[in-house]
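All residue numbers for the sequence shown refer to my numbering, where the first residue is 102 and numbers rise by one. Working notes, beginning with the structure itself.
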Amino acid sequence: MSNIKKLGVLTSGGDCAGLNAVIRAVTYRAIQGYGWKVLGILDGTAGLMDDPPRFRELSTDMFDGRLLREGGTFLGTTSKGDPLNVRMPDGSVRDLSPEFARGVQTLGLDALVAIGGDGSMRIVSKLCERAKLGLVGVPKTIDNDVHGTQWAVGFATALSVVTEALDRLQPTAASHHRVMILEVMGRDVGHIALNGGIAGGADIILIPELPYTIAGVARRIKELLAQGRTHALVVVAEGVKTEDGKKVSIQDLTGHSRYGGIGYYLLEQLVRHTGAEIRVTILGHVQRGGTPSARDRLLASSFGVHAVDLVAQGRFNRMVAWRESGVIDVPLSEVTIGPRAVDPNDPLIRTARGLGIHLGEQRAKPRD
Ligand code: F6P
């Protein structure tokens with residue numbers, strides 16, 4: 102058993118629905134189950150690295166109200182850069198792990214629960230290793246690309262948003278005899294597009310893991326129209342590249358480039374190849390917000406309780422995870438290897454094909 106008196110909890114990386122529910126479960130279990138103090142670190146690792154560190158002591162009565170039901174994270178989060186490699190104005194690179202260790206010492210933390218995606222797990226585990234602080238991870242991301250777990254907090258709610266978007270697009274597509282392209286998030290992986298597309302009745306789903314051709318997508322649209330369908334729904338993951346393998350991105354005014362824009366590339370190509378009337382919707386950050394779904398709240402609650410129990414048992418460097426129908430834990434080293442792509446043998450690929458959903462096809466090999 103570990104000798105814990107003060108537990109830190111933080112959220113790191115992009116927000117999603119269900120984070121407050123995890124913080125609540127961690128707080129309830131740590132205080133009611135073990136009598137520890139719980140400090141909520143503000144704005145992710147940034148709050149610990151500030152001098153003085155920024156935090157809020159958490160109590161169970163804080164969660165009597167609406168927090169379980171609220172999206173976002175009331176602690177704040179940060180998704181900017183890597184504190185182990187911060188580029189300074191003079192071009193030099195700084196490692197802020199000593200600042201992190203100082204924050205841990207100042208607050209007297211005995212262990213940390215970090216709620217984050219695969220990138221955050223990698224960064225926070227290095228920071229904790231250097232600060233000699235026991236860490237337990239809780240996976241969260243709408244992208245659902247964390248290794249070791251079938252579900253990450255936030256994914257289920259994002260799927261409901263995508264499904265609802267398709268429910269809203271279908272009647273307008275049918276009324277105007279249009280093809281609707283819905284571009285969804287997911288960085289370089291297609292879990293949101295595949296799952297949301299099936300749930301929302303898409304005709305075509307394009308994900309970064311499976312190749313496609315414009316001719317193939319156009320053929321499928323023409324087939325549907327020839328069969329008497331008045332409209333079609335296309336879901337595309339933001340990380341899908343152009344047919345010839347170029348990344349599509351949006352440049353903001355600071356020159357920073359973000360994922361997005363593949364929907365408009367498809368529109369241009371498909372108008373040319375099909376003559377159909379096409380509209381594009383980029384769903385964007387609404388996928389991260391909203392009331393957490395029941396599934397996300399169940400996941401968050403199970404994860405929070407299990408994470409605190411792992412801390413109590415001194416079982417550090419582990420991440421809580423969901424497999425089959427229950428919560429387990431896996432070594433962090435299995436998680437920090439990069440994003441988890443859609444497996445070509447994922448049963449949902451079979452389901453989609455079984456429903457007649459077009460998922461792309463191999464490009465013809467160039468002739469010698
Ligand atoms: O990783 C989660 C995610 O929502 C991605 O799906 C998306 O590409 C990205 O974050 C957006 O990040 P930002 O908050 O920087 O706009």
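No residue lacks a Cβ here, since even glycine has one placed at the ideal position from N, Cα and C.
Considering Cα atoms alone, identify which of the options is closest to residue i.
i	options	result
aspartate 410	Thr343, Gly119, Gly114 and Ala126	Ala126
lysine 263	Glu344, Arg231, Gly301 and His277	According to the sequence as given, residue 263 is valine; it is not lysine. When only C-alpha atoms are compared, the closest one is Gly301.
glutamine 414	His292, Gly134, Ala122 and Leu120	Gly134
glutamine 206	Leu149, Gly427 and Gln352	Leu149
arginine 157	Ala202, Ala118, Leu208 and Arg203	Leu208
lysine 107	Val187, Leu213, Val194 and Pro190	Leu213
phenylalanine 164	Ala147, Pro445, Thr146 and Tyr129	Tyr129
proline 240	Cys117, Gly391 and Pro184	Cys117
proline 184	Gly220, Leu399 and Arg155	Gly220
glycine 461	Tyr313, Arg451, Asn446 and Leu368	Tyr313
alanine 259	Arg454, Gly390 and Thr452	Gly390
valine 381	Arg188, Arg330 and Leu283	Leu283
tyrosine 360	Thr375, Met286, Leu367 and Arg330	Met286
phenylalanine 88	Arg188, Thr174, Gly291 and Pro154	In this structure the chain extends from 102 to 469, so residue 88 is not present and cannot be described.
tryptophan 252	Ile458, Arg441 and Gly457	Arg441
leucine 140	Leu159, Ala131, Ala147 and Asp152	Leu159
Our contact map puts residue i next to residue j with C-beta atoms below 8 Å; I'd like the distance itself, whole angstroms only.
i	j	result
glutamine 388	isoleucine 243	6 Å
serine 180	glycine 114	5 Å
isoleucine 379	arginine 269	Isoleucine 379 to arginine 269, Cβ: 17 Å. No contact.
arginine 419	valine 431	7 Å
proline 393	glycine 172	6 Å
leucine 449	tryptophan 423	Not a contact, Cβ separation roughly 16 Å.
valine 237	valine 412	6 Å
isoleucine 315	alanine 333	With a Cβ gap of about 15 Å, isoleucine 315 and alanine 333 do not count as contacting.
threonine 437	methionine 222	5 Å
Within the present structure, is the beta-carbon of residue i separated from the nearest heavy atom of the ligand GDP by less than 7 Å?
i	result
arginine 416	In the structure on display, the ligand GDP does not appear, and the ligands it does have are the ligand F6P.
| field | Runs of beta strand (DSSP E) lying entirely within the region 252-290, each at least 3 residues, in chain order | value | 280-285
| request: May I ask you to verify whether the region 164-176 touches the region 118-132, counting CB pairs closer than 8 Å and requiring at least 3? | output: yes
| query | Residues near the ligand F6P, CB to any non-hydrogen atom under 5 Å, in chain order? | reply | Gly115, Asp244, Met286, Arg288 and Tyr360
| the region 312-325 touching the region 232-250, judged by at least three CB pairs closer than 8 Å | no
| beta strand (DSSP E) runs contained entirely in the region 298-342, provided each spans 3 or more residues | 305-307 and 333-338
| query | Are there three or more Cβ pairs, one per stretch, closer than 8 Å when the region 290-305 is compared with the region 329-346? | reply | yes
| message | Report the start-end ranges of each beta strand (DSSP E) in the region 146-170 that is 3 residues or longer and not cut off at the edges. | response | 156-159
| query | What residue ranges within the region 380-440 form continuous alpha helix (DSSP H) runs of no fewer than 4 residues, ordered along the chain? | reply | 395-413
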